[in-house]
Amino acid sequence: MDYRRNEAKEHARARMKGIWAAALQPFREDLSIDEAGMRSNIRHWVEDLGIDGLFISGKQGEYFSMSVEERKRAFEIAVDATHGTGAGTVMSCSDQNMDA
Numbered sequence: 000m001d002y003r004r005n006e007a008k009e010h011a012r013a014r015m016k017g018i019w020a021a022a023l024q025p026f027r028e029d030l031s032i033d034e035a036g037m038r039s040n041i042r043h044w045v046e047d048l049g050i051d052g053l054f055i056s057g058k059q060g061e062y063f064s065m066s067v068e069e070r071k072r073a074f075e076i077a078v079d080a081t082h083g084t085g086a087g088t089v090m091s092c093s094d095q096n097m098d099a
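Quick note: the sequence shown uses numbering that gives the first Met the number 0, first residue 0, plus one each step.
Take a look at the structure:
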C-alpha cells in the first residue's frame with residue numbers, strides 16, 4: 000500500500016472513479032475456475048463496456064463456495080487480465096469458508 004490506514008478514504012476517492020462492477024466468477028462443469036472464461040469476461044467488461052474497475056471475489060454467492068486457493072487464483076487472473084488496461088481491481092479478503 001502506498002498510503003496509511005487513516006488516508007484510505009482519500010486514497011480511494013482519488014483513484015476509484017468511474018464505473019466499477021462486481022465480477023461474477025465463471026466455473027467449468029467440474030466446478031474448477033474457468034480461467035479462459037474469466038479472462039474473456041474481464042476483457043469484455045473493460046474493453047467493450049468501459050468498466051473502470053472490478054470487485055473480484057466479493058460477496059456474491061460463489062465467494063463462499065470457493066477455497067482460499069481458488070480465490071487467490073481468481074485474484075491473480077484478474078490482476079493479469081487488467082494489466083495495462085487502466086482498470087483497477089479490488090479483492091475481497093474477508094471471512095473464510097470452512098474447507099472441511
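C-beta atoms are modelled at their ideal positions from N, C-alpha and C, and glycine is treated no differently. In this text, all values refer to a predicted model and were calculated from it rather than measured experimentally.
Consult DSSP for residue i and reduce its assignment to one of helix, strand or coil.
| i | result |
| --- | --- |
| I76 | helix |
| I50 | coil |
| A35 | helix |
| A99 | Residue placement at A99 is poorly supported in this model, since its pLDDT is 45, which falls under 50; the coordinates still yield a value, given next. Here A99 sits in coil by DSSP. |
Quick one: using the 10 Å Cβ neighbour count with 16 as the cut-off for buried, is residue i buried or exposed?
| i | result |
| --- | --- |
| I41 | buried |
| M65 | buried |
Give me whichever residues DSSP pairs with residue i in a beta bridge.
| i | result |
| --- | --- |
| A11 | A11 pairs with nothing; no bridge assigned. |
| G87 | G52 |
| F26 | I32 |
Tell me the rounded alpha-carbon separation between residue i and residue j.
| i | j | result |
| --- | --- | --- |
| E51 | P25 | Checking the sequence shown, residue 51 turns out to be Asp, not Glu. Taking the straight line joining both Cα atoms gives about 20 Å. |
| E28 | D79 | 24 Å |
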